[in-house]
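Chemist: In my numbering, the protein residues as written are 1287 to 1656.
Input: one structure, supplied below.
See below:
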């Protein structure tokens, strides 16, 4: 009896069939999900800092997320994704919140969004959920991309083209630039990011492109351009991201990244992939008193350094349980820095990702009990 009451309570809170013709009112939740990822990591470093281990290895819990979404009215929806971790945020409750926004869509063409969202930046590595990025670039690791802001977007009639304008906090609010405040509190300095973003589809081609201005603590700007293109076919796809950053009119060509990934669906359950990237920061721009990166002000890639990363891997979703993903990869990173010997790091990794779609499970059981 208690079990039946508990099931009924969960159904009342989270069940509902998303936007089908026979549904008169939208459900409270059209998405209610838990997801987690744990890895077994091994690294070999050709050089290691004094006191640091040269062979770090062990089990590592990477992600445990709660995802909730739904419709408040036919025009208003919401989305929430929280990283469930033991350590509280250093500045506010929102530190561990990726998404917490409200959408207003008055027509099929227009959308307005307010809340915490990803900064509107192009590129397919950036666009993927963090839990699905198995090994990443240096700029991706350092990009503090989830920020409070407001967006307005226009979508074409067929839904294949979208243009978005966004104002948000700058990613620099995460960095304790002057050593006088806690990381994340630089939002009080009025540091903003301005973005124009385009996503489009034409046949087999997908595009994610952006032009961005990110305000630094010295109130200058990082100019950021990202061009992402992806070819998608039945069993394979490949993307190429081209990224350029500049801090001054004569800084062009110094800071860039090229990222590519090829996926091949060998079977319905098994995906094989190869990924490579080159990144560099050859800028010598500096701001007096700006403590980040020894006086340089690029918050994504250390000044005077370059990184070449490449690797192979697989993703397996067993037929008997598609909500479980087993992955593995081997990758290498070559690092050069001005005035220092180059070094290499070898990465070996295997892990498991688990999705528990509570909404889908409860909805399915509700149908079975009818």
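We put the beta carbon where it would ideally sit given N, CA and C, even for glycine.
Bear in mind the structure is a predicted one, so any value in this text is a computation, not a measurement.
Buried or exposed, going by whether 16 or more other CB atoms sit within 10 Å of the CB of residue 1343?
Modeler: Answer is exposed; the Cβ neighbour count stays below 16.
Chemist: Could you say which of 1328, 1633, 1650 lies nearest to residue 1616 if we only look at CA atoms?
Modeler: Closest by alpha carbon: 1633.
Chemist: May I ask you to report which of helix, strand or coil DSSP gives residue 1538?
Modeler: Note: residue 1538 maps to coil in three-state DSSP.
Chemist: Inspect the beta-carbon positions of residue 1403 and residue 1437 and report whether they are closer than 8 Å.
Modeler: Cβ atoms of residue 1403 and residue 1437: closer than 8 Å.
Chemist: Let me know the alpha helix (DSSP H) ranges lying completely inside the stretch 1343-1410, each 4 residues or longer, listed in chain order.
Modeler: Counting only runs of 4 or more, we get nothing.
Chemist: Which value, in whole angstroms, describes the spacing of the CA atoms of residue 1635 and residue 1589?
Modeler: Looking at the two C-alpha atoms, the distance is approximately 29 Å.
Chemist: Across which residues does DSSP place residue 1497 in a beta bridge pair?
Modeler: Note: residue 1497 sits in a beta bridge opposite 1482, 1511.
Chemist: Go ahead and label residue 1645 buried or exposed: buried means 16 or more other beta carbons lie within 10 angstroms of its beta carbon, across all protein chains shown.
Modeler: That one is buried.
Chemist: Residue 1430 and residue 1457 - do their beta-carbons sit closer together than 8 Å?
Modeler: Yes, they are a contact pair.
Chemist: Just how far apart, CA to CA, sit residue 1332 and residue 1627?
Modeler: For residue 1332 and residue 1627, the distance between alpha carbons rounds to 10 Å.
Chemist: Exposed or buried, which one is residue 1503 when buried takes at least 16 other CB atoms within 10 Å?
Modeler: It is buried - the Cβ of residue 1503 has at least 16 other Cβ atoms within 10 Å.
Chemist: With H, G and I counted as helix, E and B as strand and the rest as coil, what does DSSP make of residue 1627?
Modeler: In the structure shown, residue 1627 sits in a strand (DSSP, three-state: E or B).
Chemist: Taking the CB atoms as reference points, tell me whether residue 1394 and residue 1565 lie closer together than 8 Å.
Modeler: Not in contact: residue 1394 and residue 1565 (Cβ atoms no closer than 8 Å).
Chemist: What residue from 1488, 1638, 1483, 1454 has the CA that sits closest to residue 1477's CA?
Modeler: For residue 1477, the nearest C-alpha among the options comes from 1454.
Chemist: To the nearest angstrom, report how far apart residue 1352 and residue 1398 are at their CA atoms.
Modeler: If you take the alpha carbons of residue 1352 and residue 1398, they lie about 24 Å apart.
Chemist: Going by the CB atoms, is the gap between residue 1545 and residue 1411 shorter than 8 Å?
Modeler: In this structure, residue 1545 lies closer than 8 Å to residue 1411 by Cβ.
Chemist: In whole angstroms, what separates the C-alpha of residue 1650 from that of residue 1622?
Modeler: Their backbone Cα atoms lie some 54 Å apart in a straight line.
Chemist: If we ignore side chains and look at the alpha-carbon of each, how far apart do residue 1439 and residue 1610 end up?
Modeler: If you take the alpha carbons of residue 1439 and residue 1610, they lie about 34 Å apart.
Chemist: Since I believe residue 1486 is in contact with residue 1433 (beta carbons under 8 Å), could you give me their beta-carbon distance rounded to a whole number of angstroms?
Modeler: Between residue 1486 and residue 1433 the Cβ distance is about 24 Å, and since that is not below 8 Å, they are no contact.
Chemist: Use the C-beta contact count for residue 1639: other C-beta atoms within 10 angstroms, 16 or more gives buried, fewer gives exposed.
Modeler: With 16 or more other Cβ atoms within 10 Å, it is buried.
Chemist: What residues match up with residue 1441 in a beta bridge as DSSP calls it?
Modeler: Answer by DSSP bridge pairing, in chain order: 1448.
Chemist: Check whether the Cβ atoms of residue 1548 and residue 1563 sit closer than 8 Å, and answer yes or no.
Modeler: No, Cβ-Cβ distance for residue 1548 and residue 1563 is not below 8 Å.
Chemist: Locate the beta strand (DSSP E) running through residue 1323, then write down its first and last residues.
Modeler: Run containing residue 1323: 1317-1331, per the beta strand (DSSP E) assignment.
Chemist: State the Cα-Cα distance for the pair residue 1350 and residue 1401, rounded to the nearest angstrom.
Modeler: Between residue 1350 and residue 1401, the C-alpha separation is close to 22 Å.
Chemist: State yes or no: is the C-beta of residue 1420 within less than 8 Å of the C-beta of residue 1613?
Modeler: Yes; because the gap between Cβ atoms is below 8 Å, this pair is in contact.
Chemist: Going by DSSP, which residues form a beta bridge with residue 1562?
Modeler: 1546, 1596.
Chemist: Evaluate residue 1406 with the Cβ neighbour count: other Cβ atoms within 10 Å of its Cβ, from every protein chain shown; 16 or more gives buried, anything less gives exposed.
Modeler: Per the 10 Å Cβ criterion, buried.
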